[in-house]
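In what follows, a structure is listed as structure tokens, so that the remarks can point back to it.
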Amino acid sequence: MNRRDVLKLAGGAVLAAGTASLVAPSAFAAASAQSARTVALLNTHTGDRFSAAYWEQGNYVPDAMAAIRHVMRDYRNNEVHDIDPRLLDQLSGLNGLVGAAAPYQIISGYRSPATNAMLHANSDGVASHSLHMEGKAIDIRMAGVDLPRLHDAALSMQSGGVGFYPASDFIHVDTGRVRRW
Ligand SMILES: [Zn+2]
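So the sequence shown is numbered by our numbering: it starts at 51 and just counts up by one.
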């Protein structure tokens, strides 16, 4: 099955096509039954926003994916990268769990190789090859939702990686294998 076919499949089938999410949590199941999936994003560095459907009637929406790519760009040098659609499904499912209306505040989305290398050199917590460099990870917080609650909800999805950074007031979510730190 190629990537194009995966993207064309509806709802839970997209998740089942991955290896990490064979059991769809209820939030995903609920999202799958809908005809559209939305996500609201606010880049804390640029003020750029996205709030709309990124998936409609079985397809990821190209214009929406392009807009999200822009909002999640590396703000240090404006480099952009494709964003893994499964990451958006995770965010949509997570939003369903916490029931919030506020956008996700993006602390870090895509990181270019240059930015990641700089952060890696200056921080113990940044991997030399982070999933941020593949458009498969995001660091977020959400106004009105306590960070531990957002963290617990992310863990409950059993989908991808989840990191907890209370000192910096964000959680990390990625589409890699299920793990936590
Ligand atoms: Zn991260």
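Just so it is clear, CB atoms sit at the ideal spot from N, CA and C, and this is done for glycine as well. Bear in mind that the values here come from a model prediction, so they are computed numbers and not experimental data.
Of the listed residues the options, nearest to residue i (C-alpha basis)
i, options, result
"LEU197", "TYR215, ASN93, THR165 and PRO135", "TYR215"
"HIS182", "ILE190, ARG161 and ALA193", "ARG161"
"HIS95", "ASN166, ARG123, ALA103 and ASP224", "ARG123"
"VAL111", "ASN128, LEU138 and ASP98", "LEU138"
"VAL195", "GLU184, ALA151 and TRP105", "ALA151"
"ASN128", "GLY146, ALA164, TRP105 and ASN145", "ALA164"
"VAL121", "GLY97, GLY146, ALA217 and GLU106", "GLY97"
"GLY185", "GLY175, ALA171, TRP105 and ASN166", "ASN166"
"GLU106", "GLN84, ARG119, ASN93 and LEU92", "GLN84"
"THR225", "ASP174, ASP189 and THR88", "ASP189"
"ASP202", "HIS179, ARG230 and ALA177", "ARG230"
"MET31", "THR88, ARG87, LEU147 and LEU92", "Missing from the structure shown is residue 31; the chain here goes from 51 to 231 and no further."
Sub-9 Å separation of residue i and residue j beta-carbons
i, j, result
"ILE133", "GLY108", "no"
"ILE157", "PHE100", "no"
"GLN155", "ARG191", "yes"
"PRO153", "ALA90", "yes"
"ALA187", "HIS222", "yes"
"ALA103", "ALA117", "no"
"ARG227", "GLY213", "no"
"SER209", "GLY149", "no"
Residue i: first and last residue of the uninterrupted beta strand (DSSP E) it sits in
i, result
"HIS182", "From DSSP, HIS182 is part of no beta strand (DSSP E); its letter is neither H nor E."
"VAL223", "220-224"
Residue i CB to nearest heavy atom of ligand 2 below 8 Å
i, result
"HIS222", "Because ligand 2 does not appear in the structure shown, any question about it cannot be addressed here, the ligands present being ligand 1."
Entirely enclosed alpha helix (DSSP H) segments - the segment 74-147, minimum 4 residues: Counting only runs of 4+ residues, the alpha helix (DSSP H) found wholly inside the segment 74-147 occupies 76-83 and 112-121, in chain order.
In chain order, what are the residue ranges of uninterrupted alpha helix (DSSP H) at least 4 long that sit wholly in the segment 151-215? 163-172 and 197-206
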